[in-house]
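Working notes for the structure below.
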Amino acid sequence: MIFTSEDVLCVLEKELMVKGGRWVAEFTESERNHKLGDLTFDVCLRGSTRTKGLFLSRILSYFVLPNYQVACYIARIPSSNVISSDFLKKRLTLIRERAKEEELKWNWLFLVTEDEPSAKVSKLIEEGRGDEGVLLYNHRSRSLVYSRNLLGKRMKACLKL
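Counting from 1263, one number per residue, gives the positions in the sequence shown under my numbering.
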């Protein structure tokens, strides 16, 4: 089955808000065409780490889990070849600035592409030094490249793409 990039965004949004993404954070808001500085992200998800649930889950969540505010920024890119250190730095800087303004503790940058990333791009994402999780999803081959920090690993483990 061939998906368009718009279909992939819908599947990804559903996966994060309803399915596996709930193990990472409880995303409660979704905004399309979200402006951040001079960039526009296709989808921006907002939420917190404190999960909702039945009575016992809520009590456990309240006393055990931190209540961090989180955001996930999703952008389609025409080709993974456009990714460079400057490309990532610009986006991550804007995300960090917004995180400071709105007191967001955890942030992800999720890039969706149709082509296979080069070894250089994969290494750039995997060895990212920031606190943000960075993921690159190729929806044709269904491969996922992710940053090796806590947020990248955790998001990769919870998603079923």
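Each residue gets a CB set at the ideal place from its N, CA and C atoms; glycine is no exception. Predicted model only: the values in this text are computed from it and were never measured.
Residue i to residue j span [Cα, whole Å]
i: Phe1303; j: Leu1278; result: 16 angstroms
i: Glu1378; j: Pro1340; result: 11 angstroms
i: Leu1421; j: Arg1404; result: 12 angstroms
i: Val1407; j: Arg1391; result: 15 angstroms
i: Leu1354; j: Ala1337; result: 13 angstroms
Option nearest residue i by Cα separation, candidates the options
i: Cys1306; options: Cys1272, Glu1291 and Ala1361; result: Glu1291
i: Glu1363; options: Ser1347, Val1332 and Ile1336; result: Val1332
DSSP state of residue i mapped onto helix, strand, coil
i: Thr1290; result: strand
i: Ile1345; result: coil
i: Gly1283; result: helix
i: Tyr1330; result: coil
Opposing strand residues paired with residue i [DSSP bridges]
i: Gly1299; result: Bridge partners of Gly1299: none, in fact.
i: Asn1429; result: Not covered by the structure: residue 1429. The range shown for the chain is 1263 to 1423.
Contact under 7 angstroms by Cβ, residue i with residue j
i: Val1286; j: Met1417; result: yes
i: Glu1388; j: Arg1358; result: no
i: Tyr1324; j: Lys1367; result: no
Any non-hydrogen atom of the ligand FAD within 6 angstroms of residue i CB
i: Arg1404; result: Looking at this structure, you won't find the ligand FAD or any other ligand, since it has none at all.
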